[in-house]
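Here the structure comes first, spelled out in structure tokens, and everything after it is commentary.
Number of protein chains: 2
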Amino acid sequence: MTDENFDVQGFARDIHVLLVLATLRNGPKHGYQIALDVETDSNGLFQFRHGTLYPILHRLEAEGFIDGSWSKEGGGRRKKVYALTAGGRAHLEGRRAHVGEVVSRLLHLISGPGEAPA
Amino acid sequence: MTDENFDVQGFARDIHVLLVLATLRNGPKHGYQIALDVETDSNGLFQFRHGTLYPILHRLEAEGFIDGSWSKEGGGRRKKVYALTAGGRAHLEGRRAHVGEVVSRLLHLISGPGEAPA
DNA sequence: TAGAGATATATAGAGCGCCGATATAAAGAC
DNA sequence: GTCTTTATATCGGCGCTCTATATATCTCTA
């Protein structure tokens with residue numbers, strides 16, 4: 026299984042994608058809220074720069090993994106609220122499993138003779 | 026600990042660096058052999074392109090993490106053999122621990138309510 | 001012995017994605 | 001009325017990987 030070859034660049038990109046999709050599992054959110062939640066939930070370890078997040082959201086929407094719609098409550102500040110689609114949920118599960126296995130094999134490879142990988 | 030902020034690009038680079046340093050833990054090797062061993066040890070999951078490996082080796086040598094010396098056995102094919110330095114070993118342990126923790130926290134964040142992260 | 005393929009190192013250029021900077025705009029604080 | 005926060009968006013620079021190319025030696029085979 027997972028004979029799929031490892032792609033370093035795709036892996037780094039996957040991290041951000043997974044954080045977005047996983048956050049949306051708790052319900053629809055707009056971009057700014059996603060950034061705040063990811064930072065809070067990770068105790069500041071992971072954080073999104075705006076110049077990173079918004080292009081990712083646009084791409085995920087174009088790929089059909091999230092579904093965006095502008096909310097207009099009282100004509101106030103415009104927010105684009107994103108909801109996880111069925112395809113997005115499937116992508117999340119698939120990628121999460123893949124990342125988990127790659128990481129497991131990586132940690133096993135670089136762990137010393139005495140140290141257990143996990 | 027590890028209040029250090031997460032850097033996506035540095036993380037991708039760390040993966041290659043860790044693979045190199047971990048392979049050298051078994052003894053000195055030249056670049057081409059490192060590439061072969063990493064690919065073999067990971068059952069083809071991880072592999073180094075030559076255009077990726079050699080610049081990394083040069084940088085690691087400049088940083089003092091590995092020590093390179095040209096071997097001239099019988100005036101044959103030139104090989105630059107790299108050995109892990111004490112600093113390199115320390116760097117390996119430190120980065121490995123860091124990557125392990127980041128990955129652990131990442132998997133925890135993106136794991137569903139039902140699934141245990143590891 | 002001549003050619004092909006594997007061994008071995010090196011670098012330059014292309015491509016891709018993150019990051020900082022900048023722009024726009026409205027709501028709330030004081 | 002101005003400053004900060006909220007909220008989205010895009011562009012240019014930068015860094016790192018990857019493809020392609022260059023050089024050189026060794027080994028195997030016809």
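For the record, the sequence lines run as chains C and Z.
Per the working numbering, the first sequence runs over residues 26 to 143.
Per the working numbering, the second sequence runs over residues 26 to 143.
Even for Gly, the Cβ is constructed at its ideal location relative to N, Cα and C.
Computed from a predicted structure; not experimentally measured.
Neighbourhood of residue i by C-beta distance below 7 Å, restricted to the same chain and skipping five residues each side
i, result
"residue 110 of chain C", "89, 90, 91, 92"
"residue 122 of chain Z", "none"
"residue 135 of chain Z", "none"
Partner residues on chain C for residue i, Cβ-Cβ distance less than 8 Å
i, result
"residue 36 of chain Z", "37, 40"
"residue 66 of chain Z", "134"
"residue 52 of chain Z", "Result: empty, since nearest Cβ-Cβ is about 13 Å, beyond 8 Å."
"residue 111 of chain Z", "Within chain C, no residue comes near residue 111 of chain Z; the closest Cβ sits about 15 Å away, beyond 8 Å."
Residue range of the unbroken alpha helix (DSSP H) whose run includes residue i
i, result
"residue 56 of chain C", "56-66"
"residue 82 of chain C", "75-87"
"residue 32 of chain C", "Neither: residue 32 of chain C is in no alpha helix (DSSP H) and is coded neither H nor E."
"residue 131 of chain Z", "111-135"
CB of residue i within 8 Å of CB of residue j, strictly
i, j, result
"residue 39 of chain Z", "residue 124 of chain Z", "yes"
"residue 56 of chain Z", "residue 78 of chain Z", "yes"
"residue 43 of chain C", "residue 71 of chain C", "no"
"residue 2 of chain Z", "residue 117 of chain Z", "With chain Z represented from 26 up to 143, any question about residue 2 of chain Z goes unanswered, as that position is not in the structure."
"residue 87 of chain C", "residue 49 of chain C", "no"
"residue 130 of chain C", "residue 67 of chain Z", "yes"
"residue 41 of chain C", "residue 33 of chain Z", "yes"
Proximal residues of chain Z, C-beta to C-beta of residue i below 9 Å
i, result
"residue 74 of chain C", "Within 9 Å Cβ-Cβ: nothing; residue 74 of chain C doesn't reach chain Z, min ~10 Å."
"residue 121 of chain C", "132, 135, 136, 137, 140"
"residue 23 of chain C", "Nothing about residue 23 of chain C can be reported from this structure: the residues present for chain C run from 26 to 143 only."
Interface partners of residue i on chain Z, CB under 7 Å
i, result
"residue 71 of chain C", "31"
"residue 125 of chain C", "132"
"residue 47 of chain C", "134, 135"
Element boundaries [beta strand (DSSP E), containing residue i]
i, result
"residue 184 of chain Z", "Residue 184 of chain Z lies beyond the residue range present for chain Z, which begins at 26 and ends at 143; the question has no answer from this structure."
Own chain, CB closer than 8 Å to residue i, minus 5 neighbours either side, in chain order
i, result
"residue 64 of chain Z", "71, 72, 73"
"residue 69 of chain C", "none"
Same chain, Cβ closer than 6 Å to residue i, five either side skipped, listed in chain order
i, result
"residue 115 of chain Z", "none"
"residue 62 of chain C", "48"
"residue 147 of chain Z", "Residue 147 of chain Z lies beyond the range of chain Z shown here (26 to 143); nothing can be said about it."
"residue 113 of chain Z", "46, 90, 91"
"residue 84 of chain C", "none"
"residue 60 of chain Z", "73, 78"
"residue 54 of chain C", "none"
Neighbouring residues, chain Z, relative to residue i (Cβ below 8 Å)
i, result
"residue 96 of chain C", "Simply none; closest approach about 26 Å."
Inter-residue CB distance, residue i and residue j (contact presumed, cutoff 8 Å)
i, j, result
"residue 103 of chain C", "residue 95 of chain C", "6 Å"
Partners in chain C for residue i, counting only beta-carbon separations shorter than 7 Å
i, result
"residue 108 of chain Z", "What residue 108 of chain Z touches in chain C: nothing, since even the nearest Cβ is about 17 Å away."
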